[in-house]
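Chains as they are written, first to last, in this note's numbering: chain A, 1 to 392; chain B, 1 to 392.
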DNA sequence: CTGAAAGCGCTTACAG
DNA sequence: CTGAAAGCGCTTACAG
C-alpha cells in the first residue's frame, strides 16, 4: 500500500495526494476530503524512509542520552519529549553507554539521518572539544557546560556545579562539620564531577582547609554499587570524618547502606549529602539531603534554546539554571563537644529536618557510644559486610 | 558525499562499491581494498534512508520498551542490546509510555520501518489480543506471557508471576504471618499485576484465607510515590496486618518509607516483600526481601527465540524462566505470641537474614510497645506524614 | 568479477 | 488547484 495506490483509489494524482498528506495549502477541500477518506479507509502510513530520503534535512531532533539508567536524565528527557511534541517537533532518542563518545555518534547520526538539531544529555565537553567541529546543525549540551568551547552552533544549559558543591560544603560547615570527606566522580574522566569536586575544594579552602585527596577523597562511578564500595574504603581510611559529600545521589544511596552496614548511623554518626535530587532520594531512610537540579527548567530552557536557533538566533548561550539545596534528614548539626570526639547525641536544632534527623540518629538500635568505639566496631564488621553482600 | 562519489574516487562503478560495502562475495580483493581505502579517507557513511528504502524488510529488530524509567526493563534491555549486537543484528529501541498501546505502535512501525522482528518489554496481552494479528513479523513478549494468545508469530519469555507470588505468600506463612495485605497493581489494567495478585490469592486460599479486597488490598501504579500513598491507605485501614506483599519493588520501596513515617519499623512491626529484584532493593534499609526475576536469562532466551524464528523455527514458544525468592532483611518470623497481639520482639530465628532483621527490627529508636499502641500512634501521625511530604 | 540500468516510495519545483 | 516528471541515495538482478 503506497501513495500510488491512494492516488488511484482517490482518483487524484500522486502529487495531490502528497500535498494533502503534508498539509500544503494549494489543495481543494474536495480533494483533501476525498484523499483523507481513502487514507483512513485503507490505513495507509507513509514510508518514512522514502520521505526522509527526499526531505533531506527538515527532519527530527536527535536527543542523545548517556546512560539509560540515569534517573536524572530520565526526568529531563521526559520533559523534553513533551515540550518537543508540543512544539510539533519530532524527537529521536538515542541511548548511549556512559563511556561512549556521543559526538562521534552524533556525527554518524548526522550523515545518516540529517536531523535539524541535537540535544545532549550528559555529554562530555572533552569529546566536544575534539570533534564537534564536524557537526553542522545546532546543538545544546544539557546538564553540562559548553563554557570552554568556542563553537558557534553549541549552547549549553546546566546547573552551576561549582556553586552548588560550594553551597553543600558551606552548609556542612554551618552545621559544625570540619572533617568532610568526598566520594564519587573522577577528576580525569568526568568533567561534571570535576567541577563539583572543584567547588567543594574551593569552599574548604575558604575555611582554611586543604582537601587531602589521598585521605579524604575516594573516586567512583555514578552507581550505588560503586558508591557503596567507595564509602567503605573512605570510612575505613578516615574514620574521623563527620560528614561526607557524595557527588551524585546514586553514589549517596549506596554509601548510605555502606555506612549502615559498618554499624554507624546517618546522621547520628555521620552526615551525608548527595547531588541531583532524584526521586528515590526522597524515599530513603533517612531522606537524603541533596542538591536538587531543576530538571523542569533545564529541559525547558534547553528546548527553547534549540528552537530559537532554528528561528535564526545565532549566538550560542551558556545558561546556568538555579539549583536548590534540599535540607532533609541526612545531616545533623554538630555541637562543639561532638567535634571534640564525644558521644553523638540527638541534636537540639530547631529546624524541621534536623528534628527528624534526631529521631533517625539513634536508629541503629544500640546505646549511644563514643565515636571512637563506633569506629573500632566499624572496622571489625567489615568481613561481615562483605559476606552479606556476597549473598545478595 | 554519496556512493557515487566513492565510485568516482575509487575508479570503480557504483555497483561494485555497493557490493563491497555490503560484504558481497563476488568482488576482487583489489577492488575491495581500494574502495575501503577511499571510504575510510573521506569518512563516508551510507544513507540509511536510501538503504532501507531499497532493502525493504531485511532491516533492524525493533525493541519496544514500556516505561523508560522501569529499572527492571533497563536491566533486560542492556543485555538484549549486547546479545543482538553480538549476533550482528541491529536493534532499534522505541520507548513508550506505560499506558500507550504498544501493538498499535508496532503496527505503525512495521509499515514505516519494516523490521525483521520485534521484542516487547512489558507489553500488555490485552492489546496483543485485539491487534497483533496485523503484525506479520515474529515477535516476543518479554516479561509477560502470551499464553492465552494464539498467534503463530508471537512467543513469550517471562517469569511465572503466579508461582512467584504464591511462593511469597507461602514464605510469609512459614514465618508465622496470617494477616497479609497486598499493595500495588490493578486487576483491570495490568495483566502482570493481575497474575501476581491471583497467585497470592490462591496461596492464601490454600491456607483457608479468603483475600478481602476491600480491606486488605490497595491498588496503585508501579512507582515509589504511589506505593507510598497506597501503603498509608492500606495500613490506616487494616492496622492489624503483620505483613504486606508489594507487587513491585518500586512500590515496596515507597511503601517502606511510608511505614517508617507512620512510626512503625520494618520488619519489627510489619514485614514487607517486593517483586522484581531491582538493583536498589539491595541498598534499602532494611534490604528488601523480594522475588528476583532472572533478567539475564530472560534477555538471553528472548533473543534466542527471536533469532530461531528467523532461522526457520515456526512454533512459537511460551517460556517461563526460573525466579528466586531473595530472603533478605524485610521479613521477620512471628512467634505465636506475636500473632496474639503482644509486643513485637526481635526474632530468635536461626537463619541469617532474620538475624539481621532482628537488629533492624528495633531501629525506630523507641522502646518495645504493644502492637496496638503502635497502631494508634500510626494513626495520630498521619497529618504529620503528609506535612513532611509536602515539604519535599 | 564488474558495469549499466531499473526501481524502492516519496516530495517538490515546474507548467498549466 | 492539479498533473507529469525529476530525483533523493541506494541495492540488486541482469548481462557480460
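All C-beta atoms in this analysis are idealised placements derived from N, C-alpha and C, irrespective of residue type, glycine included.
- Cβ proximity to chain A below 8 Å picks out 93, 95, 108 from the segment 92-108 of chain B.
- Contact with chain A is found for residue 49 of chain B, since one of that chain's Cβ atoms lies less than 9 Å from the residue's Cβ.
- The Cβ neighbour count for residue 159 of chain B, taken over all protein chains shown within 10 Å, is at least 16; the residue is labelled buried.
- Using beta-carbon distances, residue 4 of chain A does not count as an interface residue toward chain B, since no partner is under 9 Å.
- Residues of the segment 228-242 of chain A that bring their beta carbon within less than 9 Å of a beta carbon in chain B comprise 228, in sequence order.
- In the three-state reduction of the DSSP assignment, residue 291 of chain A falls in the strand class, which pools E and B.
- Close to chain A, meaning a Cβ-Cβ distance shorter than 8 Å, are the following residues of the segment 307-336 of chain B: 326, 328.
- When only Cα atoms are considered, residue 119 of chain A and residue 192 of chain A end up about 17 Å apart.
- Within the segment 278-290 of chain B, those residues whose Cβ lies closer than 7 Å to any Cβ of chain A are, in chain order, 279, 280, 282, 283, 285.
- Residue 125 of chain A is a Cβ neighbour of residue 145 of chain A, given a cutoff of 9 Å.
- Proximity of the segment 274-294 of chain A to the segment 254-262 of chain B meets the contact definition, three or more beta-carbon pairs being nearer than 8 Å.
- As a beta-bridge residue in DSSP terms, residue 159 of chain B pairs with B/321.
- Not a single C-beta of chain A is nearer than 9 Å to the C-beta of residue 120 of chain B.
- Within chain A, the C-beta atoms nearer than 7 Å to that of residue 254 of chain B come from 283, in chain order.
- When secondary structure is reduced to three states using DSSP, residue 133 of chain A falls in the helix class.
- For residue 119 of chain A, the uninterrupted beta strand (DSSP E) segment begins and ends at 117-121.
- Cα atoms of residue 228 of chain B and residue 224 of chain A: separation of roughly 22 Å, rounded to the nearest angstrom.
- Sixteen is the threshold: when 16 or more other Cβ atoms of the shown chains lie within 10 Å of the Cβ of residue 167 of chain A, as they do, the residue is buried.
- By the C-beta density criterion, residue 184 of chain B is buried, having at least 16 other C-beta atoms within 10 angstroms.
- By the rule that beta-carbons nearer than 9 Å mark a contact, residue 257 of chain B touches chain A.
- Between the segment 304-317 of chain B and the segment 128-142 of chain B, the count of Cβ pairs shorter than 8 Å is three or higher; the stretches touch.
- Counting C-beta atoms within 10 angstroms of its own C-beta, residue 327 of chain B has 16 or more neighbours from the protein chains shown and is therefore classed as buried.
- DSSP lists A/66 as the beta-bridge partner residues of residue 96 of chain A.
- Residues of chain A with a Cβ closer than 7 Å to the Cβ of residue 224 of chain B are, in chain order, 279, 280, 283.
- Identification of chain B residues near residue 52 of chain A by a Cβ-Cβ cut-off of 7 Å yields 49, ordered along the chain.
- Residue pairing by DSSP places residue 243 of chain A opposite A/180, A/271 in a beta bridge.
- Put simply, of B/2, B/232, B/31 the residue whose alpha carbon is nearest the alpha carbon of residue 16 of chain B is B/31.
- A residue is called buried when at least 16 other Cβ atoms come within 10 angstroms of its Cβ; residue 155 of chain A meets this threshold and is buried.
- For the options B/163, B/338, B/239, the alpha carbon positioned closest to that of residue 291 of chain B is the one of B/163.
- If you check the CB distance, residue 235 of chain B and residue 181 of chain B come in under 9 Å.
- Within 10 angstroms of the beta-carbon of residue 219 of chain A lie 16 or more other beta-carbons, which makes it buried.
- In this structure, residue 250 of chain A sits near residue 278 of chain A, with a CB-CB distance shorter than 9 Å.
- Rounded to whole angstroms, residue 73 of chain B and residue 209 of chain A show a C-alpha spacing of 45 Å.
- Scanning its chain for C-beta atoms nearer than 6 Å, with the 5 sequence neighbours on each side dropped, one finds around residue 60 of chain B the residues 90, 92, 115, in chain order.
- Across the set A/34, A/11, A/337, A/63, the C-alpha of A/337 shows the shortest separation from the C-alpha of residue 176 of chain A.
- Residue 27 of chain B is not a Cβ neighbour of residue 10 of chain B, given a cutoff of 9 Å.
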